[in-house]
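Student: Numbering (the UniProt record's numbering), first residue to last: 1 to 169.
The beta-carbon is built from N, C-alpha and C at its ideal position, and this holds for glycine as well.
For clarity, every value in this text was computed on a predicted model and none was experimentally measured.
1. Tell me whether residue 23 is buried or exposed, calling it buried when 16 or more other Cβ atoms sit within 10 Å of its Cβ.
2. Can you give the beta carbon distance from residue 59 to residue 17, rounded, assuming they're within the 8 Å contact cut?
3. To the nearest angstrom, how far is it from the Cα of residue 161 to the Cα of residue 70?
4. Taking only the alpha-carbon atoms, compute the straight-line gap between residue 151 and residue 124 and give it to the nearest angstrom.
5. Can you tell me the Cα-Cα spacing of residue 40 and residue 55, whole angstroms?
6. Which partner residues of residue 68 appear in the DSSP bridge assignment?
7. State the Cα-Cα distance for the pair residue 169 and residue 102, rounded to the nearest angstrom.
8. Which ranges does the beta strand (DSSP E) cover as unbroken runs of at least 3 residues, wholly within the stretch 70-127, from first to last along the chain?
9. Just the Cα atoms here: how many angstroms apart are residue 75 and residue 35?
10. Of the choices 108, 62, 126, whose alpha-carbon is the least far from that of residue 154?
11. Spatial neighbours of residue 63 within its chain, please: CB distance less than 8 Å, with the 5 preceding and 5 following residues excluded, ordered by chain position.
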């Protein structure tokens, strides 16, 4: 990937299950696009919640690719700011949320710190992340293991992940 913003290709997972999820995700794509050059947006998937409190509504999930010159720590801070502006409050792990933006991969960068872990530690185990990533780049390789998104998606259970909708923006 190349473009006017230079920098690394970042893959970001988007999810929402409170309020007006479709409108929130459309807004979030536009907001994240301001942080660099949008390289692609996946289809939209309806997925069952994983973990967290019972009786949550289904999620809408997608992913996007962004070429950005922001360092990963600054990109993550900007994603958290976008979540907050959408009304997200962080109270309980895996709770229902108005918007969730996860930095999955940032180029080949590997990090394991208190504020940032790259690649995202559970991404290659979650079909609701892998299915949208496969729309964008099925050959995307995990920076540590080399496993591709395509191979991981074939390996993980896909129950609870509906078919993607391409025309949602």
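Tutor: For this structure:
1. Taking the chain shown and counting its residues from 1, one reaches residue 23 at position 23. Residue 23 is exposed by the Cβ-count criterion.
2. Counting from one through the chain shown, the residue named residue 59 turns up at place 59. Counting from one through the chain shown, the residue named residue 17 turns up at place 17. Indeed, because the Cβ distance is near 4 Å, the residues count as touching under 8 Å.
3. What you label residue 161 is simply residue 161 of the chain shown in a count that begins at 1. What you label residue 70 is simply residue 70 of the chain shown in a count that begins at 1. The C-alpha of residue 70 is placed about 32 Å away from the C-alpha of residue 161.
4. Residue 151 sits at position 151 when you count from the first residue of the chain shown. Residue 124 sits at position 124 when you count from the first residue of the chain shown. Approximately 10 Å, taken between the alpha carbons.
5. Residue 40 sits at position 40 when you count from the first residue of the chain shown. Residue 55 sits at position 55 when you count from the first residue of the chain shown. The C-alpha of residue 55 is placed about 32 Å away from the C-alpha of residue 40.
6. Locating residue 68 in the chain shown gives position 68, where the first residue counts as 1. Beta-bridge partners of residue 68 (DSSP): 8.
7. Taking the chain shown and counting its residues from 1, the one referred to as residue 169 is at position 169. Taking the chain shown and counting its residues from 1, the one referred to as residue 102 is at position 102. Using only the alpha carbons, I get a separation of about 19 Å.
8. Whole beta strand (DSSP E) segments, 3+ residues: 100-106.
9. Translated into positions along the chain shown, residue 75 becomes position 75. Translated into positions along the chain shown, residue 35 becomes position 35. For residue 75 and residue 35, the distance between alpha carbons rounds to 8 Å.
10. The count along the chain shown starts at 1 and reaches residue 154 at position 154. Checked all of 108, 62, 126; the closest Cα to residue 154 is 126.
11. Here residue 63 is taken as the residue at index 63 of the chain shown, counted from 1. Within the same chain, residue 63 has close Cβ partners 11, 12, 13, 14, 41, 42, 104, 129, 132, 133, 135, 136.
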